[in-house]
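Colleague: First, the structure itself, so that you have it in front of you.
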Amino acid sequence: MPDGKRKRLPPEERKQQLLESALELFCEKGVDGTTMHQLADHAEVSYGLFYHYFTSKDEVLQTAVRQTTVLPLIEEFLSHHEQSARTLLMKLPSFYLEVMETRREIVWLLFTESKKRPGLAEKLSELAVDFRKTLSDYLEARAAHGEIREGVDVDVATRLIWSYLFMRFLWIEDEPDAEQHMAIILNGLCS
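As structure tokens, then:
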């Protein structure tokens, strides 16, 4: 820790600062390659202060999951019922990728670490279930308004859209055919 006085921050701001510093170091060195002392040094705080906010690297990761979720943003996006389901869902991939792009390194970190940390994997799985439920609820509501073809299994449609969005985020950055892909999905889904 450098000599001199550290700026006193309100607890929530300090915790956020420590989280951001830890995630930066995790992305650089990996979680297993980073010690709690290194996290404190990188944040330029004492080990005791860091430990006051985060007692383990797993706690840092759990907090990162809660803070990087895009679910509230997706819920807000899907709440625009003045637009048709087709119109709104055509915009969903661009919106999702734009929001996720700001979290790309952290999402990759969490995804990779979840393979080694069952608690983290469970948390990410819960988020995926919540996301699918949000999308499924939206599709059910639009089906009630006649915007979804009769007989379409909303759960299957939800999984298809979710899989497309997530795989596109993971593997494809600039895809010229993205609108056509979504149009094909929506042609089978929408009335």
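Sequential numbering of the sequence shown, starting at 947, is according to this note's numbering. Yeah, the Cβ is synthetic: ideal placement off N, Cα and C, and Gly gets one too.
Going by DSSP, what residues sit across from Ile1094 in a beta bridge?
Modeller: Here residue 1094 is taken as the residue at index 148 of the sequence shown, counted from 1. Beta-bridge pairing links Ile1094 to Cys1136.
Colleague: Under a three-way DSSP split, which group does Thr1141 fall into?
Modeller: In this structure the chain extends from 947 to 1137, so residue 1141 is not present and cannot be described.
Colleague: Here's a check: name, in chain order, each residue in its chain whose Cβ is nearer than 8 Å to the Cβ of Ala1067, leaving out the five neighbours to either side.
Modeller: Residue 1067 sits at position 121 when you count from the first residue of the sequence shown. For Ala1067, where only same-chain residues beyond five positions count, the Cβ hits under 8 Å are Ser1060, Lys1061.
Colleague: With distances taken Cα to Cα, identify the nearest neighbour of Ala1010 among Cys973, Ala1103, Thr1080.
Modeller: Looking up residue 1010 in the sequence shown gives position 64. Comparing Cα-Cα distances from Ala1010 to each of Cys973, Ala1103, Thr1080, the minimum goes to Cys973.
Colleague: With 16 as the cutoff for other CB atoms within 10 Å, does Ala938 come out buried or exposed?
Modeller: This structure gives no information on residue 938, because the portion of the chain shown stretches from 947 to 1137.
Colleague: In angstroms with no decimal places, state the Cα-to-Cα distance between Lys953 and Met1046.
Modeller: Here residue 953 is taken as the residue at index 7 of the sequence shown, counted from 1. Here residue 1046 is taken as the residue at index 100 of the sequence shown, counted from 1. For Lys953 and Met1046, the distance between alpha carbons rounds to 32 Å.
Colleague: Applying the criterion that 16 or more other CB atoms from any shown protein chain within 10 Å of the CB defines a buried residue, is Leu1035 buried or exposed?
Modeller: To locate residue 1035, count along the sequence shown from 1; it is residue 89. Leu1035 comes out buried.
Colleague: Does the pairing of the region 979-996 with the region 1021-1033 give three or more beta-carbon distances under 8 Å?
Modeller: Output reads no: the region 1021-1033 does not touch the region 979-996.
Colleague: Please classify Lys1037 as buried or exposed, where buried requires at least 16 neighbouring CB atoms within 10 angstroms.
Modeller: Residue numbering aside, residue 1037 sits at position 91 when the sequence shown is read from its first letter. Lys1037 comes out exposed.
Colleague: Do the CB positions of Val1098 and Leu1135 come within less than 7 Å of each other?
Modeller: In the sequence shown, counting from the first residue as 1, residue 1098 sits at position 152. In the sequence shown, counting from the first residue as 1, residue 1135 sits at position 189. Yes, the pair counts as a contact, with Cβ atoms nearer than the cut-off.
Colleague: Determine the contact status of Ser929 and Thr1104, defining contact as a CB-CB distance below 7 Å.
Modeller: Examination of residue 929 is not possible in this model, given that the chain is present from 947 through 1137 alone.
Colleague: For Ser967, count the other beta carbons within 10 Å of its own beta carbon; 16 or more makes it buried, fewer makes it exposed. Which is it?
Modeller: By one-based count along the sequence shown, residue 967 stands at place 21. So Ser967 ends up on the buried side.
Colleague: For a quick check, are the C-beta atoms of Phe1023 and Phe996 less than 7 Å apart?
Modeller: What you label residue 1023 is simply residue 77 of the sequence shown in a count that begins at 1. What you label residue 996 is simply residue 50 of the sequence shown in a count that begins at 1. Contact flag unset, no.
Colleague: Reducing DSSP to helix, strand and coil, say where Ser1002 ends up.
Modeller: Here residue 1002 refers to the residue found at position 56 when the sequence shown is read from its first residue. Reduced to three states, the DSSP call for Ser1002 is coil.
Colleague: Do Leu969 and Ile1094 count as a contact pair if the criterion is CB distance below 7 Å?
Modeller: As a first step, residue 1094 is located in the sequence shown; it is residue number 148 there, counting from the start. As a first step, residue 969 is located in the sequence shown; it is residue number 23 there, counting from the start. Result no, Cβ atoms of Ile1094 and Leu969 do not sit closer than 7 Å.
Colleague: Does DSSP put Pro956 in a helix, in a strand, or in coil?
Modeller: By 1-based counting over the sequence shown, the position of residue 956 is 10. The answer is coil: DSSP assigns Pro956 none of H, G, I, E or B.
Colleague: Please list, in chain order, all residues of the same chain as Tyr1084 whose beta carbon is under 6 Å from its beta carbon, the five residues on each side excluded.
Modeller: By one-based count along the sequence shown, residue 1084 stands at place 138. Closer than 6 Å at Cβ, skipping near neighbours: Leu1024.
Colleague: According to the Cβ coordinates, are Lys961 and Val977 closer than 7 Å?
Modeller: Walking along the sequence shown from the start, residue 961 turns up at place 15. Walking along the sequence shown from the start, residue 977 turns up at place 31. No, these two residues do not count as a Cβ contact at 7 Å.
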